[in-house]
Amino acid sequence: MTSSLVDTGLDVVTGAFSYSGHAIAAELARHGRTVRTLTGHPDRAPAHGDIDVCPLDFGDPAGLTRSLDGVTTLYNTYWIRFAHGQTDHARAVANSKLLFRSARDAGVQRIVHVSITNPSFDSPYPYFRGKALVERALAQTGVSYAVVRPAIFFGDDGVLLNNIAWLLRRLPVFAVGGDGSYRIRAIHVDDLARLCAHLGSERDNGVIDAVGPDRPTFLELTAAIRDAVGSRARIIRVPGFVIPMLSSILGLAVRDVLLTRDEYGAMASGLADTEGSATGDTSMLEWIAAHGDTLGVSYANELNRHFRTAGDALARR
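According to numbering that gives the first Met the number 0, the stretch in the sequence shown is residues 0 to 316, in order.
This is the structure in C-alpha coordinates:
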(Lines of atoms letter the chains of each structure in order from A; the text may use other names.)
(Lines give C-alpha, C1' and ligand atoms only; values in the text may rest on other atoms or scores of the structure.)
Protein backbone atom coordinates (compact mmCIF):
# COMPACT_ATOMS: atom_id res chain seq x y z
CA MET A 0 0.00 0.00 0.00
CA THR A 1 1.43 3.34 -1.00
CA SER A 2 0.94 6.47 1.08
CA SER A 3 0.64 10.09 0.10
CA LEU A 4 1.93 11.36 3.44
CA VAL A 5 3.57 14.76 3.22
CA ASP A 6 7.16 14.56 4.42
CA THR A 7 6.77 17.34 6.98
CA GLY A 8 4.41 17.90 9.87
CA LEU A 9 3.75 16.84 13.44
CA ASP A 10 1.74 13.75 14.34
CA VAL A 11 0.84 12.31 17.74
CA VAL A 12 0.70 8.60 18.51
CA THR A 13 -0.72 7.48 21.83
CA GLY A 14 1.43 4.76 23.37
CA ALA A 15 4.43 4.93 21.01
CA PHE A 16 6.39 2.74 23.45
CA SER A 17 3.74 0.02 23.33
CA TYR A 18 3.14 -2.61 20.66
CA SER A 19 0.96 -1.18 17.91
CA GLY A 20 1.81 2.42 18.82
CA HIS A 21 5.51 1.73 18.35
CA ALA A 22 4.91 0.27 14.89
CA ILE A 23 2.77 3.25 13.83
CA ALA A 24 5.33 5.76 15.13
CA ALA A 25 8.12 3.98 13.25
CA GLU A 26 6.10 3.97 10.03
CA LEU A 27 5.40 7.70 10.32
CA ALA A 28 9.06 8.42 10.98
CA ARG A 29 9.99 6.54 7.82
CA HIS A 30 7.81 8.98 5.91
CA GLY A 31 9.62 11.94 7.41
CA ARG A 32 6.93 12.90 9.89
CA THR A 33 7.81 14.40 13.26
CA VAL A 34 6.28 12.19 15.95
CA ARG A 35 5.19 13.03 19.46
CA THR A 36 3.75 10.49 21.84
CA LEU A 37 1.23 10.77 24.64
CA THR A 38 2.10 7.97 27.03
CA GLY A 39 1.25 6.73 30.47
CA HIS A 40 4.79 5.31 30.71
CA PRO A 41 7.20 8.21 30.12
CA ASP A 42 9.81 6.21 32.07
CA ARG A 43 10.07 3.87 29.08
CA ALA A 44 11.28 6.56 26.71
CA PRO A 45 14.72 5.77 25.23
CA ALA A 46 17.51 8.01 26.52
CA HIS A 47 18.32 9.31 23.04
CA GLY A 48 15.03 8.88 21.22
CA ASP A 49 13.71 11.00 18.38
CA ILE A 50 10.16 11.14 19.77
CA ASP A 51 8.87 14.05 21.80
CA VAL A 52 7.31 12.62 24.96
CA CYS A 53 4.25 14.07 26.71
CA PRO A 54 2.15 12.51 29.47
CA LEU A 55 -1.17 10.88 28.64
CA ASP A 56 -2.74 12.41 31.74
CA PHE A 57 -6.52 12.27 31.65
CA GLY A 58 -6.62 14.23 34.89
CA ASP A 59 -5.20 17.25 33.04
CA PRO A 60 -7.48 18.05 30.05
CA ALA A 61 -5.79 21.39 29.48
CA GLY A 62 -2.42 19.68 29.35
CA LEU A 63 -3.71 17.17 26.81
CA THR A 64 -4.95 20.00 24.63
CA ARG A 65 -1.59 21.78 24.83
CA SER A 66 0.20 18.55 23.87
CA LEU A 67 -2.01 18.31 20.76
CA ASP A 68 -1.58 21.91 19.67
CA GLY A 69 -0.18 22.17 16.14
CA VAL A 70 -0.70 18.47 15.44
CA THR A 71 -1.87 17.34 12.01
CA THR A 72 -3.00 13.79 12.82
CA LEU A 73 -3.66 11.92 16.04
CA TYR A 74 -3.16 8.15 15.86
CA ASN A 75 -4.99 6.71 18.83
CA THR A 76 -4.12 3.25 20.15
CA TYR A 77 -5.24 3.95 23.74
CA TRP A 78 -7.41 1.25 25.28
CA ILE A 79 -7.32 -1.41 27.98
CA ARG A 80 -7.43 -5.14 27.35
CA PHE A 81 -9.12 -5.92 30.67
CA ALA A 82 -10.19 -4.09 33.81
CA HIS A 83 -7.38 -3.70 36.33
CA GLY A 84 -7.12 -1.66 39.50
CA GLN A 85 -9.09 1.57 39.20
CA THR A 86 -9.44 1.35 35.41
CA ASP A 87 -12.26 -0.47 33.66
CA HIS A 88 -13.77 -0.24 30.20
CA ALA A 89 -16.25 2.46 31.24
CA ARG A 90 -13.33 4.60 32.39
CA ALA A 91 -11.47 3.87 29.15
CA VAL A 92 -14.50 5.11 27.19
CA ALA A 93 -14.61 8.33 29.23
CA ASN A 94 -10.87 8.83 28.77
CA SER A 95 -11.17 8.31 25.01
CA LYS A 96 -13.93 10.90 24.77
CA LEU A 97 -11.77 13.36 26.68
CA LEU A 98 -8.86 12.72 24.34
CA PHE A 99 -11.02 13.32 21.26
CA ARG A 100 -12.39 16.57 22.70
CA SER A 101 -8.87 17.73 23.46
CA ALA A 102 -7.83 16.94 19.89
CA ARG A 103 -10.77 18.91 18.52
CA ASP A 104 -10.08 21.87 20.78
CA ALA A 105 -6.41 21.85 19.76
CA GLY A 106 -7.32 21.99 16.07
CA VAL A 107 -6.11 18.49 15.15
CA GLN A 108 -7.06 17.91 11.51
CA ARG A 109 -7.43 14.12 11.45
CA ILE A 110 -7.87 11.25 13.92
CA VAL A 111 -7.00 7.66 13.05
CA HIS A 112 -8.43 5.43 15.75
CA VAL A 113 -7.58 1.77 16.35
CA SER A 114 -10.76 -0.07 17.35
CA ILE A 115 -11.73 -3.78 17.19
CA THR A 116 -13.55 -6.08 14.78
CA ASN A 117 -17.27 -6.46 15.42
CA PRO A 118 -17.90 -3.73 18.03
CA SER A 119 -21.51 -3.56 19.14
CA PHE A 120 -23.58 -1.44 21.52
CA ASP A 121 -25.45 -4.55 22.69
CA SER A 122 -22.44 -6.87 22.95
CA PRO A 123 -22.31 -8.97 26.14
CA TYR A 124 -18.63 -8.07 26.39
CA PRO A 125 -17.60 -4.68 27.89
CA TYR A 126 -14.58 -4.51 25.58
CA PHE A 127 -16.71 -4.62 22.42
CA ARG A 128 -19.45 -2.37 23.86
CA GLY A 129 -16.86 0.14 24.89
CA LYS A 130 -15.24 0.16 21.47
CA ALA A 131 -18.63 0.84 19.85
CA LEU A 132 -19.21 3.77 22.20
CA VAL A 133 -15.78 5.21 21.45
CA GLU A 134 -16.35 4.95 17.70
CA ARG A 135 -19.62 6.86 18.08
CA ALA A 136 -17.94 9.52 20.20
CA LEU A 137 -15.25 9.96 17.57
CA ALA A 138 -17.84 10.40 14.81
CA GLN A 139 -19.53 13.09 16.89
CA THR A 140 -16.43 15.25 17.37
CA GLY A 141 -16.66 16.80 13.92
CA VAL A 142 -12.99 16.04 13.23
CA SER A 143 -12.07 14.11 10.07
CA TYR A 144 -11.53 10.48 11.12
CA ALA A 145 -10.74 6.92 10.12
CA VAL A 146 -11.56 3.90 12.27
CA VAL A 147 -9.32 0.87 11.85
CA ARG A 148 -10.70 -2.44 13.17
CA PRO A 149 -8.14 -5.18 13.85
CA ALA A 150 -8.97 -8.43 15.62
CA ILE A 151 -5.57 -9.71 16.78
CA PHE A 152 -2.02 -8.56 16.08
CA PHE A 153 1.05 -10.66 15.39
CA GLY A 154 4.68 -9.94 14.59
CA ASP A 155 7.69 -8.64 16.51
CA ASP A 156 7.00 -8.95 20.24
CA GLY A 157 3.27 -9.69 20.09
CA VAL A 158 1.67 -11.45 23.04
CA LEU A 159 -0.94 -13.98 21.88
CA LEU A 160 1.00 -16.16 19.45
CA ASN A 161 4.16 -15.93 21.54
CA ASN A 162 2.47 -17.09 24.72
CA ILE A 163 0.66 -19.95 22.99
CA ALA A 164 4.09 -21.04 21.75
CA TRP A 165 5.57 -20.58 25.23
CA LEU A 166 2.95 -22.91 26.68
CA LEU A 167 3.37 -25.46 23.89
CA ARG A 168 7.11 -25.55 24.52
CA ARG A 169 6.61 -26.33 28.22
CA LEU A 170 3.38 -28.28 28.70
CA PRO A 171 2.68 -31.90 27.75
CA VAL A 172 -0.87 -31.00 26.74
CA PHE A 173 -2.53 -27.85 25.41
CA ALA A 174 -6.28 -27.40 25.91
CA VAL A 175 -8.50 -25.89 23.20
CA GLY A 176 -12.00 -24.86 24.22
CA GLY A 177 -14.96 -26.45 22.44
CA ASP A 178 -14.32 -27.83 18.97
CA GLY A 179 -11.74 -25.14 18.16
CA SER A 180 -13.51 -24.25 14.90
CA TYR A 181 -13.74 -20.51 15.64
CA ARG A 182 -11.52 -18.55 13.29
CA ILE A 183 -8.78 -15.99 13.95
CA ARG A 184 -8.24 -13.18 11.43
CA ALA A 185 -5.03 -11.53 12.58
CA ILE A 186 -2.96 -8.75 10.99
CA HIS A 187 0.78 -8.21 11.18
CA VAL A 188 1.49 -5.14 13.29
CA ASP A 189 3.56 -3.57 10.50
CA ASP A 190 0.68 -4.01 8.04
CA LEU A 191 -1.55 -2.25 10.57
CA ALA A 192 0.95 0.59 10.82
CA ARG A 193 1.09 1.03 7.04
CA LEU A 194 -2.70 1.04 6.85
CA CYS A 195 -2.96 3.66 9.61
CA ALA A 196 -0.33 5.89 8.01
CA HIS A 197 -2.12 5.69 4.66
CA LEU A 198 -5.46 6.57 6.22
CA GLY A 199 -3.86 9.46 8.07
CA SER A 200 -3.10 11.11 4.74
CA GLU A 201 -6.74 11.02 3.64
CA ARG A 202 -9.59 13.25 4.75
CA ASP A 203 -12.75 11.22 4.12
CA ASN A 204 -14.42 9.63 7.14
CA GLY A 205 -14.46 5.86 7.08
CA VAL A 206 -14.31 2.53 8.89
CA ILE A 207 -12.19 -0.38 7.69
CA ASP A 208 -11.35 -3.83 9.03
CA ALA A 209 -7.62 -4.35 9.51
CA VAL A 210 -7.17 -8.05 8.75
CA GLY A 211 -4.65 -10.30 7.08
CA PRO A 212 -5.14 -12.96 4.41
CA ASP A 213 -5.34 -16.00 6.73
CA ARG A 214 -8.43 -17.20 8.64
CA PRO A 215 -7.34 -20.42 10.39
CA THR A 216 -9.49 -22.03 13.01
CA PHE A 217 -8.04 -21.78 16.49
CA LEU A 218 -7.32 -25.51 16.35
CA GLU A 219 -5.42 -25.04 13.07
CA LEU A 220 -3.57 -22.04 14.50
CA THR A 221 -2.48 -23.99 17.59
CA ALA A 222 -1.29 -26.91 15.47
CA ALA A 223 0.70 -24.56 13.23
CA ILE A 224 2.45 -23.02 16.24
CA ARG A 225 3.17 -26.45 17.72
CA ASP A 226 4.75 -27.63 14.47
CA ALA A 227 6.78 -24.44 14.08
CA VAL A 228 8.36 -24.62 17.55
CA GLY A 229 8.89 -28.40 17.43
CA SER A 230 6.61 -29.08 20.38
CA ARG A 231 5.44 -32.58 21.25
CA ALA A 232 2.49 -31.32 23.28
CA ARG A 233 -0.80 -33.07 22.70
CA ILE A 234 -3.62 -30.71 21.71
CA ILE A 235 -6.84 -31.72 23.44
CA ARG A 236 -10.38 -30.36 23.31
CA VAL A 237 -12.16 -29.46 26.52
CA PRO A 238 -15.53 -27.85 27.30
CA GLY A 239 -15.36 -24.09 26.83
CA PHE A 240 -16.07 -23.28 30.49
CA VAL A 241 -12.82 -25.01 31.46
CA ILE A 242 -10.57 -22.59 29.55
CA PRO A 243 -10.99 -19.52 31.81
CA MET A 244 -10.33 -21.69 34.86
CA LEU A 245 -7.16 -23.16 33.37
CA SER A 246 -6.06 -19.69 32.28
CA SER A 247 -6.54 -18.36 35.82
CA ILE A 248 -4.41 -21.15 37.28
CA LEU A 249 -1.63 -20.62 34.77
CA GLY A 250 -1.93 -16.85 35.29
CA LEU A 251 -1.14 -17.29 38.98
CA ALA A 252 2.00 -19.19 38.03
CA VAL A 253 3.28 -16.48 35.68
CA ARG A 254 1.79 -13.53 37.62
CA ASP A 255 -0.17 -12.37 34.61
CA VAL A 256 -3.58 -12.53 32.92
CA LEU A 257 -3.35 -15.07 30.11
CA LEU A 258 -6.94 -15.04 28.88
CA THR A 259 -10.07 -13.65 30.50
CA ARG A 260 -13.48 -15.28 30.44
CA ASP A 261 -14.76 -12.51 28.17
CA GLU A 262 -11.81 -12.86 25.80
CA TYR A 263 -12.41 -16.56 25.40
CA GLY A 264 -16.15 -16.03 24.97
CA ALA A 265 -15.63 -13.36 22.31
CA MET A 266 -13.15 -15.49 20.41
CA ALA A 267 -15.29 -18.63 20.60
CA SER A 268 -18.32 -16.70 19.33
CA GLY A 269 -16.45 -15.59 16.21
CA LEU A 270 -15.66 -11.97 17.07
CA ALA A 271 -11.98 -12.36 16.10
CA ASP A 272 -12.97 -13.06 12.50
CA THR A 273 -14.34 -11.18 9.52
CA GLU A 274 -15.20 -12.29 5.99
CA GLY A 275 -14.15 -9.17 4.12
CA SER A 276 -11.11 -8.66 1.94
CA ALA A 277 -7.66 -8.63 3.50
CA THR A 278 -6.18 -5.19 4.19
CA GLY A 279 -2.80 -6.61 5.26
CA ASP A 280 -0.51 -8.70 3.08
CA THR A 281 1.45 -10.77 5.60
CA SER A 282 0.36 -14.39 6.04
CA MET A 283 0.14 -15.28 9.71
CA LEU A 284 0.72 -18.99 9.03
CA GLU A 285 3.81 -18.30 6.92
CA TRP A 286 5.10 -15.91 9.57
CA ILE A 287 4.66 -18.54 12.28
CA ALA A 288 6.55 -21.12 10.23
CA ALA A 289 9.41 -18.67 9.62
CA HIS A 290 9.74 -17.67 13.30
CA GLY A 291 9.47 -21.00 15.05
CA ASP A 292 13.02 -20.80 16.42
CA THR A 293 12.26 -17.67 18.47
CA LEU A 294 8.51 -17.86 19.04
CA GLY A 295 7.69 -18.60 22.67
CA VAL A 296 11.30 -18.78 23.88
CA SER A 297 10.43 -16.24 26.57
CA TYR A 298 7.08 -15.30 28.08
CA ALA A 299 5.45 -11.93 27.25
CA ASN A 300 3.88 -10.55 30.42
CA GLU A 301 0.87 -8.31 29.75
CA LEU A 302 0.70 -6.86 33.27
CA ASN A 303 4.36 -5.85 33.12
CA ARG A 304 3.83 -4.14 29.78
CA HIS A 305 0.80 -2.08 30.64
CA PHE A 306 0.26 -1.76 34.38
CA ARG A 307 3.54 -2.19 36.23
CA THR A 308 6.36 0.30 36.19
CA ALA A 309 9.72 -0.69 34.79
CA GLY A 310 11.02 -1.04 38.35
CA ASP A 311 8.12 -3.29 39.35
CA ALA A 312 8.68 -5.53 36.35
CA LEU A 313 12.39 -5.84 37.06
CA ALA A 314 11.74 -6.68 40.70
CA ARG A 315 9.34 -9.46 39.73
CA ARG A 316 11.77 -11.23 37.35
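The C-beta atom is built at its ideal place from N, Cα and C for all residues, glycine as well.
Taking the Cα positions, glutamate 219 is about 39 Å away from threonine 72.
Per DSSP, reduced to three states, the secondary structure at tyrosine 126 is helical. If you draw a 10 Å sphere on the C-beta of valine 172, you find fewer than 16 other C-beta atoms in it, and that means exposed. Taking C-beta atoms as the reference points, leucine 294 and alanine 232 fail to come closer than 8 Å.
Counting along the chain, the unbroken beta strand (DSSP E) around isoleucine 207 starts and ends at 205-209. Only buried fits glycine 179, as 16 or more other CB atoms lie within 10 angstroms of its CB. Ranked by Cα distance from alanine 192, the options Thr13, Asp10, Gly14, Glu26 are led by Glu26. Counting the other Cβ atoms within 10 Å of the Cβ of valine 34 gives 16 or more, which makes it buried. Judged by DSSP in its simplified three-state form, serine 17 adopts coil rather than helix or strand. If you ignore the 5 residues before and after alanine 131, its C-beta comes within less than 8 Å of the C-beta of Pro118, Ser119, Phe120, Ser122, all in its own chain and listed in chain order. If you draw a straight line from the Cα of arginine 168 to the Cα of aspartate 49, it comes to about 38 Å.
About 11 Å separates the beta carbons of valine 70 and valine 142, which is beyond the 8 Å limit, so they are not a contact pair. If you look at histidine 187, you'll find it isn't in any alpha helix (DSSP H); it sits in the beta strand (DSSP E) that goes 185-187.
A distance below 7 Å between beta-carbons, with the five flanking residues on each side excluded, links glutamine 108 to the following residues of its chain, in chain order: Thr71, Thr72, Ser143. The distance from the Cβ of glycine 129 to that of valine 92 is about 5 Å, consistent with a contact at the 8 Å cut-off. In the DSSP assignment, tyrosine 263 falls within the alpha helix (DSSP H) that extends over 260-267. In this structure the region 196-214 does not touch the region 261-269; the number of beta carbon pairs closer than 8 Å is below three. Arginine 254 and arginine 135 have their C-alpha atoms spaced approximately 35 Å apart.
Taken through DSSP and simplified to helix, strand or coil, valine 237 comes out as strand.
Leucine 63 places its beta carbon less than 8 Å from that of aspartate 56.
Close CB contacts of aspartate 104 within its chain, under the 7 Å cut and outside five residues either way in sequence, are with Thr64 (chain order). One alpha carbon belongs to histidine 290, the other to valine 147, and they sit about 27 Å apart. Assignment of isoleucine 50 by DSSP, reduced to helix, strand and coil, places it in the coil class. The DSSP-derived three-state label of proline 149 is strand. Distance check between leucine 258 and each of Pro212, Val111, Ala82 places Ala82 closest, using alpha-carbon atoms only.
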